[in-house]
Amino acid sequence: MKILKWCKKFFIIFVLLLSFYISAVPSYILSYGKVRTYSEIEQVSTYKVGIVFGAGLTVNRRPSKILQDRLDTAADLLENERIEIIIVSGDNRFENYNEPQAMYDYLINDRDIDKSLIIRDFAGRRTYDTCKRASEIWNVNRALLISQGYHLYRAVFTCNQLGVKSAGFSATRRSYLGEFRMKRREYFAIHKSVYDLYINPPPYVGGEKEEDLSE
């Protein structure tokens, strides 16, 4: 009987702790990122590095609308001297799908950005990978992250935990198709990021040190 009561108490405590974790962790990470995020260029101090995260390509291998807005925002920040270098980071694992190259081409051809100011990260498969590689490959220790709010807050948290002192700049310029689905997915991605950061860090594509972009 005592064992049964103990098991019942343990189960109740477990459920309460789990409920707290499920609700508190996303709230904390979103709050952490939100207070470090800007939406007006005038609010932002100068950063050596701006990082743009990949967000899909169209069937014509052009940046999606979400990604286009991120790139346009990065170009505006560069033109207003808020960042000096843009790292475009994305997926390049599959034939005929090269996010960093499409991002690079867009900035050069559509925004007339000097190619010497753009660095391609061909192994930014996930937010974790992008932040980790920025730190390990380019020695980035401070950066302005450019994305939309539903993803940006987690990115700011992740990069800061991986040694890149980061703030975010919102690239939200319109409503996006499937936005609700993306926000719902982000809830689960937050819990995955905690697992990756503190429990089981995933492997990532490393490489030789390249240009030192530390401040």
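In the numbering used here, the protein residues as written are 1245 to 1459.
We put the beta carbon where it would ideally sit given N, CA and C, even for glycine.
Using alpha carbons as the reference points, say which of Y1272, Q1405, N1383 lies closest to P1445. Start at 1 with the first residue of the sequence shown, and residue 1445 comes out as number 201. The candidate whose alpha carbon is nearest that of P1445 is Q1405.
Residue span of the alpha helix (DSSP H) that contains F1401, given as start and end: Numbered from its first residue, the sequence shown carries residue 1401 at position 157. Looking at the DSSP string, the run of the alpha helix (DSSP H) that includes F1401 is 1393-1405.
Which complete alpha helix (DSSP H) runs does the region 1292-1325 hold, if anything under 4 residues is left out? 1309-1323
Within its chain, find whatever has a CB closer than 6 Å to the CB of E1328; leave out the 5 residues flanking it on each side and keep chain order. Here residue 1328 refers to the residue found at position 84 of the sequence shown. Same-chain partners within the cutoff: K1292.
Please report the distance separating the alpha-carbon of M1426 from that of L1315. Position 182 of the sequence shown, counted from the start, is the residue given in the question as residue 1426. Position 71 of the sequence shown, counted from the start, is the residue given in the question as residue 1315. Their backbone Cα atoms lie some 19 Å apart in a straight line.
With a threshold of 8 Å, are at least 3 pairs of Cβ atoms found where one atom belongs to the region 1326-1340 and the other to the region 1364-1373? Yes, they touch.
Per DSSP, S1460 is paired with what? Because the chain in this structure spans residues 1245 to 1459, residue 1460 falls outside the shown range and cannot be described.
Along the beta strand (DSSP E) that carries K1376, what are the first and last residues, could you check? Here residue 1376 refers to the residue found at position 132 when the sequence shown is read from its first residue. No beta strand (DSSP E) contains K1376, which is instead part of the alpha helix (DSSP H) from 1371-1381.
Local Cβ density within 10 Å of N1342, reported as buried at 16 or more and exposed below that: As a position in the sequence shown, residue 1342 is number 98, starting the count at 1. Buried, because 16 or more other Cβ atoms sit within 10 Å of the Cβ of N1342.
Take Y1321 as the anchor and find which of F1366, I1357, D1365, E1455 has the nearest alpha-carbon. As a working note, residue 1321 is residue 77 in the sequence shown. First, the residue type needs correcting, since residue 1321 is Leu and not Tyr in the sequence shown. Of the listed residues, the one whose Cα sits closest to L1321 is I1357.
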